[in-house]
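Engineer: Take the sequence shown: its position 44, counting from 1, is numbered 139 in the numbering used here, and each next residue is one higher.
The beta-carbon is built from N, C-alpha and C at its ideal position, and this holds for glycine as well.
A single structure is presented below for examination.
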Amino acid sequence: MNQFEVKVISVMHLTHDVLKVVTEKPENYEFMPGQATELSINRNGWKKVKRPFTFTCLPGNYFLEFTIKIYPSHRGVTNQFRLIQQDDVLILRDVFGTLMYEGEGVFIAGGAGVTPFISILRSLQSTNSLGGNKLIFANKTKNDIILNREFREMLGENFINILSDEVVQGCSYGHISEDFLREHIPGNVRHIYLCGPPQMMDEVEEQLSAMNIAQETIIKENFAEVPVGKK
């Protein structure tokens with residue numbers, strides 16, 4: 096497996112516990128929207144500890160961008176990113192992942208599971224190809240919504256939020272349910288993109304099955320950062 100050392104260009108908070116980390120991009124390093132790589136921190140004790148993170152920039156950008164949720168209580172790799180600063184060095188590896196855009200549909204994300212969809216939706220926007228794509232985004236509170244303003248401007252009414260721990264005007268309240276999905280997913284949907292915590296994904300798949308939505312309609316990836324971030 097190839098390894099590349101890249102300097103950090105910038106670090107900024109997107110929410111209280113989500114960082115945008117921008118790095119250099121190795122020459123001829125290519126990926127497709129929705130794909131990922133494994134990252135390590137070039138620091139004693141962390142160089143060999145690698146975790147998957149999705150690219151959230153566009154393939155044509157001169158830099159790489161990662162949207163990373165930190166979990167201070169877990170004392171793992173994501174928590175170490177709290178200490179990352181400009182000019183620090185990260186180690187990235189080859190590109191992998193099969194969660195890529197196959198056509199117009201509904202994106203369903205839970206928390207940091209939205210990250211594979213960021214580059215996909217940005218790419219569609221850059222070519223005026225967003226069409227009727229819809230994003231259903233589940234979080235605990237409004238402050239947990241990653242890129243809230245960008246998604247709202249990008250998708251308008253097709254950006255649907257549901258919050259489990261807070262009642263907020265313009266957002267649904269509770270957890271994703273079969274009734275909620277029936278309300279927001281058209282009967283003729285051809286593609287459903289799903290990413291989030293394992294339990295949430297399992298529950299959504301069961302609900303979709305109860306709606307007679309075929310399994311082959313669902314496009315998902317097993318490397319989602321949500322379970323990774325717990326390490």
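Using only the alpha-carbon positions, how far apart do Lys237 and Gln98 sit?
Structural biologist: On the sequence shown, position 142 is the one that residue 237 refers to. On the sequence shown, position 3 is the one that residue 98 refers to. Near 38 Å, if we compare the C-alpha coordinates of Gln98 and Lys237.
Engineer: Quick check: Lys102 and Leu109, are their CB atoms within less than 8 Å of each other?
Structural biologist: Taking the first residue of the sequence shown as position 1, residue 102 is located at position 7. Taking the first residue of the sequence shown as position 1, residue 109 is located at position 14. No, they are not a contact pair.
Engineer: Rounded to the nearest angstrom, what separates Ile240 and Phe232 at their Cα positions?
Structural biologist: Within the sequence shown, numbered from 1, the residue matching residue 240 stands at position 145. Within the sequence shown, numbered from 1, the residue matching residue 232 stands at position 137. Distance between the alpha carbons of Ile240 and Phe232: 8 Å.
Engineer: So, using beta-carbon positions, are His286 and Gly198 closer together than 8 Å?
Structural biologist: What you label residue 286 is simply residue 191 of the sequence shown in a count that begins at 1. What you label residue 198 is simply residue 103 of the sequence shown in a count that begins at 1. Yes; because the gap between Cβ atoms is below 8 Å, this pair is in contact.
Engineer: Is the beta carbon of Val299 closer than 8 Å to that of Val201?
Structural biologist: Within the sequence shown, residue 201 is the residue found at index 106, counting from 1. Within the sequence shown, residue 299 is the residue found at index 204, counting from 1. Contact flag unset, no.
Engineer: Note down, in chain order, each residue of its chain lying with its Cβ closer than 8 Å to the Cβ of Ser221, except the 5 sequence neighbours on either side.
Structural biologist: What you label residue 221 is simply residue 126 of the sequence shown in a count that begins at 1. Cβ within range, chain order: Leu153.
Engineer: Thinking C-alpha only, which one of Pro293, Ala204 and Leu219 is nearest Ile257?
Structural biologist: Looking up residue 257 in the sequence shown gives position 162. When each option's Cα is compared against that of Ile257, the closest is Ala204.
Engineer: Taking 8 Å as the cut-off, decide whether the C-beta atoms of Gln294 and Ser272 are in contact.
Structural biologist: Here residue 294 refers to the residue found at position 199 when the sequence shown is read from its first residue. Here residue 272 refers to the residue found at position 177 when the sequence shown is read from its first residue. Cβ atoms of Gln294 and Ser272: not closer than 8 Å.
Engineer: Whole angstroms is fine: what's the gap from Thr151's alpha carbon to Thr312's?
Structural biologist: To locate residue 151, count along the sequence shown from 1; it is residue 56. To locate residue 312, count along the sequence shown from 1; it is residue 217. Rounded to the nearest angstrom, the two C-alpha atoms are 24 Å apart.
Engineer: Kindly indicate which residue of Thr210, Gly251 and Glu278 has the alpha-carbon position closest to the one of Lys315.
Structural biologist: Here the question's residue 315 lines up with position 220 in the sequence shown. The shortest C-alpha separation from Lys315 is found at Thr210.
Engineer: Starting from the C-beta of Tyr157, find all residues in its chain whose C-beta is less than 8 Å away, skip the five residues before and the five after it, and write them out in chain order.
Structural biologist: As a position in the sequence shown, residue 157 is number 62, starting the count at 1. Within the same chain, Tyr157 has close Cβ partners Lys120.
Engineer: Going by the C-beta, is Asn243 closer than 7 Å to any heavy atom of the ligand NAD?
Structural biologist: What this structure holds is no ligand at all, so the ligand NAD is not there to describe.
Engineer: Going along the chain, which residues of its own chain have a beta-carbon closer than 7 Å to the beta-carbon of Gly192, five neighbours each way excluded?
Structural biologist: Translated into positions along the sequence shown, residue 192 becomes position 97. Excluding positions up to five away in sequence, the list reads Gly129, Gln130, Ala131, Glu316 and Phe318.
Engineer: Helix, strand or coil for Glu160 per DSSP?
Structural biologist: Counting from 1 along the sequence shown, the entry for residue 160 is found at position 65. Here Glu160 sits in strand by DSSP.
Engineer: Would you mind giving the Cβ-Cβ distance between Ser304 and Gln181, rounded to the nearest angstrom? I have them listed as a contact below 8 Å.
Structural biologist: Within the sequence shown, numbered from 1, the residue matching residue 304 stands at position 209. Within the sequence shown, numbered from 1, the residue matching residue 181 stands at position 86. Contact flag wrong, Cβ pair sits at about 47 Å.
Engineer: What are the boundary residues of the beta strand (DSSP E) that Leu225 is part of?
Structural biologist: If you number the sequence shown from 1, residue 225 lands on position 130. First-last for Leu225: undefined, no H or E at that position.
Engineer: Quick one: what does DSSP say Gly324 is sitting in, helix, strand or coil?
Structural biologist: Position 229 of the sequence shown, counted from the start, is the residue given in the question as residue 324. Low local confidence applies: a pLDDT of 33 at Gly324 is under 50, so the model's placement there is unreliable, and no value is given.
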